[in-house]
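Asker:
In my numbering, the protein residues as written are 1 to 114.
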């Protein structure tokens, strides 16, 4: 169904049946988007196993929507590039440079003298 594959903004909830854990993961990942996802389960180990396989930038277990400014925010796939918030959010505003300095009097000696 298209509604479960679109990046809709609510308040909307979609409910879809699945046979087993593998099918639930496949259904969750069968979209070009990946902003957010959630797993509700009474089995904590199963919830963690499933949520690790869901391709979404932010995920919740047994809740939905709380976020923290210290944690990175952003989607997978076509749900965005880069991250906001947290230290990862600073990456877009930085340029990384490698600087190598030889403080020895003699050259490094990479090439033989002729």
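All residues carry an ideal CB built from backbone N, CA and C; glycine is no exception.
Fair warning: this is a prediction, and the values are worked out from it, not measured in the lab.
At 4 residues or longer, what runs of the alpha helix (DSSP H) sit wholly inside the region 1-60?
Answerer: List check, alpha helix (DSSP H) in window: 21-29 and 44-53.
Asker: Which runs of the beta strand (DSSP E), 3 residues or longer, sit entirely within the region 56-96?
Answerer: Counting whole runs of 3 or more residues, the region 56-96 contains the beta strand (DSSP E) stretches 58-61.
Asker: Between the region 27-39 and the region 52-65, can you find at least three pairs of beta-carbon atoms closer than 8 Å?
Answerer: Because the criterion of three Cβ pairs below 8 Å is met, the region 52-65 and the region 27-39 touch.
Asker: How big is the Cα-Cα spacing for residue 2 and residue 16?
Answerer: Residue mapping note: residue 2 aligns to position 2 of the chain shown, counting from 1. Residue mapping note: residue 16 aligns to position 16 of the chain shown, counting from 1. The straight-line gap from Cα to Cα measures roughly 12 Å.
Asker: Near residue 78, what residues of its chain come up, given a Cβ to Cβ distance below 7 Å and the 5 sequence neighbours on each side ignored?
Answerer: Walking along the chain shown from the start, residue 78 turns up at place 78. For residue 78, where only same-chain residues beyond five positions count, the Cβ hits under 7 Å are 32 and 33.
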